[in-house]
Amino acid sequence: MYNKVLLAILSLFTTYFGAISQEYNNESGVVSDNDAYLWYGQDRYYTNGLFIYYRRAIDQRKLNGNLEKLTYELSIGQKMYTPLSGYGPDPRTHDRPFAGYLYGKAQVNLFYQKEQVWKVGLALGTSGPNSLASGTQNLIHTTVGLYETSGWDYQIQNEAAANLDIQYTALLGRNSAKSVDFSLESYTQLGTVFNGAGLGLLFRTGHINQLFNSSYHNAAISQNSKTKKLHERELYFYARPQFNYIAYDATIQGSLFTNNSPVTFSVRPFVFEQKIGVNYSTARFTLDYSLTFRGREIKSNARPHQYGSIAIFYRFN
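Be aware that the sequence shown starts at 1, since it is given in the UniProt record's numbering, and climbs by one per residue.
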């Protein structure tokens with residue numbers, strides 16, 4: 001009996017650790033943003049975001065030069081914005097417009113051996129009532145038993161959306177124990193919804209992989225990997241202060257081309273943001289929880305804002 005139990009345990013360990021070392025070249029998952037994840041009842045401004053992702057790594061033997069990994073990404077997403085409260089029947093009380101943004105996005109991610117990362121994506125969609133944000137918030141509040149929403153009649157109006165997003169990350173340094181590193185992060189957005197740029201510093205500490213193998217950059221998938229991971233499992237804390245320049249935000253200012261939204265505001269061009277989080281990743285799964293603290297971004301009496309994010313990803317062949 002003892003031998004049978006021991007063999008069963010050894011079999012489970014073999015299966016488990018064998019699965020850890022296996023490569024997977026596909027990944028799908030979901031990210032949910034909500035200020036409810038702060039756990040103290042806040043419900044305002046960027047109040048909800050839901051994103052569904054699919055990624056695939058191509059055969060790395062086909063990559064030339066110092067390109068370590070190449071992945072393709074498809075996603076759909078919805079963002080929802082309200083004033084200080086989702087109950088705002090009087091537009092004179094609004095310190096931010098009601099607004100929604102619904103889109104589909106295609107993106108290519110390039111990871112280089114010197115731990116530089118380029119991400120280039122094109123999002124197409126719509127803002128306004130066609131984003132279905134009003135119905136989504138009503139459904140959430142009805143399902144969970146929250147207060148009645150009101151004020152979406154004054155939301156930013158319909159507008160076709162097209163946005164180009166470019167991100168660049170470069171490793172600045174990593175300690176000899178390979179447990180702490182710093183990276184420069186930057187982004188640019190150009191389009192009909194968001195126009196702006198940002199520059200930040202990423203700090204990670206714990207069991208961390210190279211940028212081209214790390215779950216932080218959604219790079220845990222691979223196909224005939226060129227370089228072995230530093231760790232089969234990642235568990236780390238991260239922090240990223242970031243300075244943002246906001247040139248235009250259609251969810252605040254309305255359409256670039258028409259002036260048909262009943263409530264709009266001007267943006268504050270310079271906004272500071274701090275993000276902190278913890279990430280756990282195995283060969284199969286990634287779990288990530290983060291908090292984002294964002295400064296005042298609207299020329300009104302709107303306050304600074306905070307929200308939480310929960311991400312779950314699953315990898316497969």
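Heads up, the beta-carbon is just placed ideally off N, CA and C, and yes, glycines get one too.
Looking only at its chain, what residues have a beta carbon closer than 7 Å to the beta carbon of residue i, apart from the 5 residues adjacent to it on each side?
i: residue 297; result: 246, 267, 268, 271
i: residue 225; result: 23, 60
i: residue 262; result: 91, 154
i: residue 107; result: 73, 119, 120, 121
Using a 10 Å radius around the Cβ and a threshold of 16 neighbouring Cβ atoms, would you call residue i buried or exposed?
i: residue 172; result: exposed
i: residue 176; result: exposed
i: residue 148; result: exposed
i: residue 92; result: exposed
i: residue 249; result: buried
i: residue 238; result: buried
i: residue 145; result: exposed
i: residue 182; result: exposed
i: residue 69; result: buried
i: residue 304; result: exposed
i: residue 299; result: exposed
i: residue 19; result: Because residue 19 sits at a pLDDT of 46, beneath the cut-off of 50, its placement in the model cannot be relied upon, and the point is left open.
i: residue 48; result: buried
i: residue 135; result: exposed
i: residue 254; result: buried
i: residue 109; result: buried
i: residue 104; result: exposed
i: residue 57; result: buried
i: residue 46; result: buried
i: residue 143; result: exposed
i: residue 53; result: buried
Excluding sequence positions up to five away, which residues of its chain have a Cβ less than 6 Å from the Cβ of residue i?
i: residue 27; result: 55, 221, 313, 315
i: residue 88; result: 94, 151
i: residue 100; result: 80, 131, 133
i: residue 286; result: 215, 313
i: residue 202; result: 183, 185, 240
i: residue 284; result: 315
i: residue 78; result: 50, 102
i: residue 33; result: 49, 307, 309
i: residue 293; result: 274, 306
Could you tell me how far apart the beta carbons of residue i and residue j are, in whole angstroms, since I believe they sit closer than 8 Å?
i: residue 192; j: residue 291; result: That belief does not hold up - the Cβ atoms of residue 192 and residue 291 are roughly 30 Å apart, past 8 Å.
i: residue 137; j: residue 86; result: 6 Å
i: residue 64; j: residue 223; result: About 15 Å separates the two Cβ atoms, so there is no contact after all.
i: residue 206; j: residue 168; result: Rounded, the Cβ-Cβ distance is 24 Å, inconsistent with contact.
i: residue 280; j: residue 310; result: Actually they are not in contact, since the Cβ atoms of residue 280 and residue 310 sit about 12 Å apart, beyond 8 Å.
i: residue 97; j: residue 156; result: 5 Å
i: residue 126; j: residue 161; result: 5 Å
i: residue 158; j: residue 129; result: 6 Å
In the DSSP output, what is residue i paired with across the bridge?
i: residue 106; result: 74, 122
i: residue 55; result: 27, 73
i: residue 300; result: Answer by DSSP bridge pairing: none, since residue 300 is not bridged.
i: residue 305; result: 294
i: residue 184; result: 170, 201
i: residue 68; result: Answer is none; residue 68 lacks a bridge partner.
i: residue 315; result: 27
i: residue 319; result: In the structure as shown, the chain starts at 1 and stops at 317, and residue 319 therefore has no counterpart that could be examined.
i: residue 164; result: 122, 190
i: residue 285; result: 314
i: residue 33; result: 49, 309
Excluding the 5 residues flanking residue i on each side, which residues of the same chain have their C-beta closer than 8 Å to its C-beta?
i: residue 66; result: 112, 113, 114
i: residue 229; result: 209, 210, 213
Please report whether the beta-carbon of residue i lies at a distance below 7 Å from any beta-carbon of chain B.
i: residue 76; result: Although the question refers to chain B, the structure presented lacks it and comprises just one protein chain.
(message) For a minimum of 3 consecutive residues, which ranges assigned as the beta strand (DSSP E) are wholly contained in the region 189-257?
(response) 194-207, 234-249
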